[in-house]
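The opening position of the sequence shown corresponds to residue 1 in full-length UniProt numbering, with each subsequent residue numbered one higher. Beta carbons are placed, not taken as given, at the ideal position from N, Cα and C, and that holds for glycine. Bear in mind the structure is a predicted one, so any value in this text is a computation, not a measurement.
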Amino acid sequence: MLYLQLLIDGVVSGCAIGIVSISFSYFYATTGIFHVAHAGIYTLSGYLAWWMVGLGTPFAAALALAILAAVVVGYLTQRLLYRPLEESGATPLVLMIASIGLLTVLQNVVAILFSPNIVQFDLPWRLSHTAIGPIALSLPQAILGVLSLLLFAGLVLFSHHTAAGKRIRAVASNRELAEITRLDPKRVFAQVLAISSGIVAVPGVLVGVDQALQPYTSLLVLLTAVVAMIAGGIGSLTGAFGMSIVLAVIQSLSVAVMPGRWSVAAVFGTFILFILLRPEGLIRSRFSRAI
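Encoded structure:
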C-alpha cells in the first residue's frame with residue numbers, strides 16, 4: 001500500500017510540475033527566451049493569493065485575482081523587458097541573465113512585502129482528506145490534480161483548434177515568415193507570456209495551499225520542469241507533461257529505498273540517462289529549439 005500511495009502522490013506532484021513545464025515550454029518554443037523569471041511569477045502568485053485569503057477574500061476569488069495578476073506581470077515582462085532588449089540586439093544569453101535578474105527582484109519583493117519565512121494558508125479545508133480505497137488524498141491535492149489535467153487539455157485544444165493558437169504555432173514555426181505575413185510576432189510573444197504566466201499561477205497557488213509557501217524554493221520547481229521539457233521533447237506539450245509525471249513518480253517512489261534528501265539526485269540521474277539514450281527527447285517536435 002505504501003508504494004501505491006507514493007505512486008499517487010507522485011502523479012499529483014507530477015501534474016503540478018507538468019503545468020509549470022508546459023507553460024514554460026509554450027513560451028520558450030515560441031520565443032526562444034529562457035524565461036527563468038517564470039519561477040518568480042509562480043512564487044508571486046502564491047503569495048498574492050495567501051495575502052488576499054488573509055484579508056478575508058474567498059479562496060476562489062483569491063485564485064482568480066492571482067491568475068489575473070500573473071497575466072499582467074507576464075505581459076509587462078515581455079513588453080518592458082524582453083522586447084526592448086531584443087530590439088537593441090541582445091543575445092539569448094543576455095536575455096537569460098536579465099530574466100535571472102527579474103527572478104531575483106520578484107523573490108526579494110515577495111520576501112519584503114509578505115514574509116521571508118515559510119507561511120501557510122489559513123483555510124480549514126486544506127487539511128481535509130478524501131479516501132479512494134487504500135489511497136488518501138488531501139483536498140488540495142485532488143483539486144490540483146483535476147485542474148492540472150483540465151489546464152493541460154485546455155492548452156492543447158487552444159493551441160491546435162483556435163485561430164489564436166494556430167497563430168502562435170505559426171510564429172513559433174517560423175518567426176521571419178510570420179513577420180512577412182503580418183502576424184505581428186512581438187504582439188504574439190506578449191500574449192504567449194501572459195497565457196503562460198496565468199497558467200503557472202494555478203500550481204503556484206494550489207501547491208502553496210497543499211504544502212506551504214517560501215520565497216526562494218520555486219527555482220528548483222522550475223529546474224525540474226525544464227528537465228521534463230527537455231526530456232519530453234522541446235515544443236511538445238504532451239511530452240513535457242508526461243515526463244513531469246514520470247520524474248515526479250520516480251522521485252516519490254525513491255524515498256521508499258533511499259533518504260529523501262537523495263530523491264532529487266534520483267530524478268536528475270534518470271534525466272541524464274534518458275538524454276544519453278534519446279537526446280532528441282521523448283517526442284520530437286518540429287518547433288524544437290536548441291538550448
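Cα atoms of Ser138 and Val267: separation of roughly 24 angstroms, rounded to the nearest angstrom. Counted as a single uninterrupted DSSP element, the stretch harbouring His35 is not any beta strand (DSSP E), since DSSP gives it neither H nor E. Leu81 and Gly74 have their alpha carbons spaced roughly 10 angstroms apart. By the criterion of a C-beta distance shorter than 8 angstroms, Ile250 is surrounded in its chain by Gly10, Ala266, Val267 and Thr270, once the five residues flanking it on both sides are discounted.
Tyr3 sits close to Leu253, with the two beta carbons spaced by under 8 angstroms. Collapsing the DSSP output to three states places Leu213 in a strand. Among the bridge pairs identified by DSSP, Ile135 is matched with Ile132.
Counting along the chain, Val119 sits inside no alpha helix (DSSP H), nor does DSSP assign it H or E at all.
Between Ala190 and Ser99, the CB-CB gap reaches or exceeds 8 angstroms. Here DSSP, grouped into helix, strand and coil, assigns Ile143 to helix.
If you keep only unbroken alpha helix (DSSP H) runs of at least 4 residues inside the segment 37-61, you get 38-54.
Here Leu219 is actually not in contact with Ala70; their C-beta atoms are around 17 angstroms apart, not less than 8 angstroms. Your pair Val171 and Leu157 does not check out as a contact, with CB atoms roughly 19 angstroms apart and the cut at 8 angstroms. Along the length of the segment 66-91, whole alpha helix (DSSP H) runs at least 4 residues long occupy 83-87, reported in chain order. In terms of Cβ geometry, Thr31 and Leu106 do not form a close pair [threshold 8 angstroms].
The beta-carbon distance between Val205 and Ile19, rounded to whole angstroms, is 11 angstroms. This is too long to meet the 8 angstroms contact definition.
Around Gln120, the same chain offers Ala212 as residues with beta carbons nearer than 7 angstroms, after the five sequence neighbours per side are excluded. Taking 8 angstroms as the cut-off, the Cβ atoms of Leu155 and Leu85 do not count as close. The Cβ atoms of Leu123 and Val12 lie no closer than 8 angstroms to each other.
For Ile234, there is no enclosing alpha helix (DSSP H), as DSSP marks it with neither H nor E. When Ile22, Ala16 and Leu177 are compared, the shortest CA-CA separation from Ser196 is found for Ile22.
Counting only unbroken stretches of 4 or more residues, the alpha helix (DSSP H) elements lying wholly within the segment 146-232 are 163-173, 175-180, 185-210 and 218-232, in sequence order. The residues Val20, Phe24, Val36, His38, Ala39 and Tyr42, in chain order, have a CB closer than 8 angstroms to that of Leu222 in the same chain once the five nearest residues on each side in sequence are set aside.
Separation of Arg169 and His160 (C-alpha to C-alpha, rounded to the nearest whole angstrom) is 8 angstroms. Arg187 has its alpha-carbon roughly 26 angstroms from the corresponding atom of Pro203. Rounded to the nearest whole angstrom, the CA to CA distance from Ser115 to Pro215 is 8 angstroms. Ile272 and Ser148 have their C-alpha atoms roughly 26 angstroms apart.
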